[in-house]
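Chemist: Take the sequence shown: its position 263, counted from the start at 1, is 262 in numbering that gives the first Met the number 0, and no numbers get skipped. Right, I'll just put the structure down here and ask away after.
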Amino acid sequence: MMHYEELHPFPNCPVLDGCHCQTNSLAKMFRYYNHPLSEDMLLGIGSGMGYRLWFHRGIRPFTDGRINLDNFFTDIAKRTGITIRVKCTPNRKKAESILLNKLLKQKPVMISGDLGLLPWFAMQEDYHFGLHTFVICGYNGINTVLASDIEQKAGKLKKGFYHPISLKQLAEARDSHHQPFLPRNRYFEFDFSNFHYPRKEDIYDSIKQTIDQLLNPPIRTIGVQGLRYTARQLLRWPEMFSDKLLRTYLFHFYTFIEVGGTGGGCFRYMYARFLKEAELITGDAALGEASAQMNEAGKLFTEAGLLFKDAYKVKDLPDRIERAALLFNRIAELEQSTFHKIAVIDKHLLYNDI
0 MMHYEELHPF
10 PNCPVLDGCH
20 CQTNSLAKMF
30 RYYNHPLSED
40 MLLGIGSGMG
50 YRLWFHRGIR
60 PFTDGRINLD
70 NFFTDIAKRT
80 GITIRVKCTP
90 NRKKAESILL
100 NKLLKQKPVM
110 ISGDLGLLPW
120 FAMQEDYHFG
130 LHTFVICGYN
140 GINTVLASDI
150 EQKAGKLKKG
160 FYHPISLKQL
170 AEARDSHHQP
180 FLPRNRYFEF
190 DFSNFHYPRK
200 EDIYDSIKQT
210 IDQLLNPPIR
220 TIGVQGLRYT
230 ARQLLRWPEM
240 FSDKLLRTYL
250 FHFYTFIEVG
260 GTGGGCFRYM
270 YARFLKEAEL
280 ITGDAALGEA
290 SAQMNEAGKL
300 FTEAGLLFKD
310 AYKVKDLPDR
320 IERAALLFNR
330 IAELEQSTFH
340 KIAVIDKHLL
350 YNDI
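So this is what it looks like as C-alpha cells:
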C-alpha cells in the first residue's frame, strides 16, 4: 500500500519547469547545492547540442539533437569545478540500497530509468527509452519515493511535477532490459566543493568542442554531414518502408525534433539562449550574432518537424518529405556558415583546419 500523504519533497528540492530531462535534472541538483545554473548554460558548457541520425539495424530511425553523450557530464564538471560520478550496477538490490541510504539522509538522487515503465507517462506499450533522467527527492520510509520530473507531451518549456512511485515500480524502470539505451541502474553523485561559475575560458572551450562535433564529425550521420545525409535518406524512405512504417518513422521525426525533451527546434532554441548568456559572460558580440542564427536554425527544425505532426493521416506525404529534405539542407548550410564564421573570425576559437 502506498502512503502518498506521507510523501514530501526534501528541503530545497523544488520542481522546475524545463526542456530536457538531463539538463532539467542537473538544474535541480545545482539548485539543491545552492549554485543554480540555467538548463541552457548546462547544455552549452556540456557541449551537448549537435545532430545525429540514428539509423541502423535493431532500432527505429530517429533524429537526435543531443551529442557528446559519453562525456556530457564530465565536461560540465570540468567547466564548473565540480565532480560528477556516473555509476551503474547490475545488482537491482544494491541499486535500491544505495538510493535509500541517500534518501534517509534527505539527499536528492539523480537517476536514470526506462521512460516507458514510469507510471506518470502514458506511453504506448512497446515504447522504451532507458536514458530518461529524473530526480528522486522524497521517501515515506516504507515503500514509496517521490520523483521530480517534467512532462513529455508539450513542446519547448515543459511543466515540472512531483509524482509518487513504489520502490518495486522504480526498480523495474531502473533495471529495464528493453532497447534502446539500457538504464543499468544508473545514478549520479556530486561534489560541489570546488564549484565555480563558468568562466570565459570554459565558455570558449565548450563552443570550440561543439563546433568540432558539428563540422568535423567522425561518421556521416553526425553533425552537418548528418543533416545532409538525413535529407538524402528521407527521399529514399518511401521505397524502403511500408506505408505504415513510413508514417510511424516520420511521426517520430516530429516528436524527436519538437516534443521529446529538446526544448523545441531540436535543441537549437536552448543553444541559442546559451550563446546569449555566453555573450554576456564574455562580452563577445560574435556569440550574440551566432545566437540569432541558431534561433533561425531552430525555426527551420520546427518547420520540418511540424510537417510530420499528422503523418498518420495526411495524404500529401511525398510532398512533405521533399519539403523536409530541403529544410534539412538549409539547416546544414546555416549551421555550417554560422559555426565556420565563429571558428575563423573569433580569436578565441581559431581553427587551423577549417
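Idealized CB from N, CA, C, for every residue including glycine.
Just mark residue 336 as buried or exposed, buried being the case when its beta carbon has 16 or more other beta carbons within 10 Å.
Modeler: It counts as exposed.
Chemist: Please report the Cβ distance between residue 9 and residue 107, rounded to the nearest whole angstrom; I am assuming they are in contact, meaning their Cβ atoms lie under 8 angstroms.
Modeler: Going by Cβ atoms, the distance from residue 9 to residue 107 rounds to 6 angstroms, so yes, they are a contact pair.
Chemist: Take every Cβ of the stretch 208–218, pair it with every Cβ of the stretch 97–104, and state whether three or more of those distances are shorter than 8 angstroms.
Modeler: Because the criterion of three Cβ pairs below 8 angstroms is not met, the stretch 208–218 and the stretch 97–104 do not touch.
Chemist: Pick helix, strand or coil for residue 119, following the three-state DSSP scheme.
Modeler: Here residue 119 sits in coil by DSSP.
Chemist: Please classify residue 310: does DSSP put it in a helix, a strand, or coil?
Modeler: If DSSP states are grouped into helix, strand and coil, residue 310 belongs with coil.
Chemist: Pick helix, strand or coil for residue 82, following the three-state DSSP scheme.
Modeler: Residue 82: strand per DSSP, three-state reduction.
Chemist: With a 10 Å radius around its C-beta and 16 neighbouring C-beta atoms as the bar for buried, classify residue 13 as buried or exposed.
Modeler: So residue 13 ends up on the exposed side.
Chemist: According to the Cβ coordinates, are residue 329 and residue 306 closer than 7 angstroms?
Modeler: No. Outside cutoff.
Chemist: Can you list, in chain order, the residues of its chain with a C-beta nearer than 6 angstroms to that of residue 174? Leave out the 5 residues immediately preceding and following it.
Modeler: 91 and 184.
Chemist: Sort 136, 146 and 137 by Cα distance to residue 117 and report the nearest one.
Modeler: Minimum Cα distance to residue 117 is reached at 146.
Chemist: At which residues does the alpha helix (DSSP H) containing residue 64 begin and terminate?
Modeler: Note, residue 64: premise wrong, no alpha helix (DSSP H); beta strand (DSSP E) at 61–65.
Chemist: In three-state DSSP terms, what is residue 188?
Modeler: Residue state, collapsed to three classes: strand.
Chemist: Quick check on residue 242: does DSSP put it in helix, strand or coil?
Modeler: The answer is helix: DSSP assigns residue 242 an H, G or I state.
Chemist: As a quick exercise: from 256, 62 and 270, pick the residue whose alpha carbon is nearest that of residue 264.
Modeler: Cα-wise, what sits closest to residue 264 is 256.
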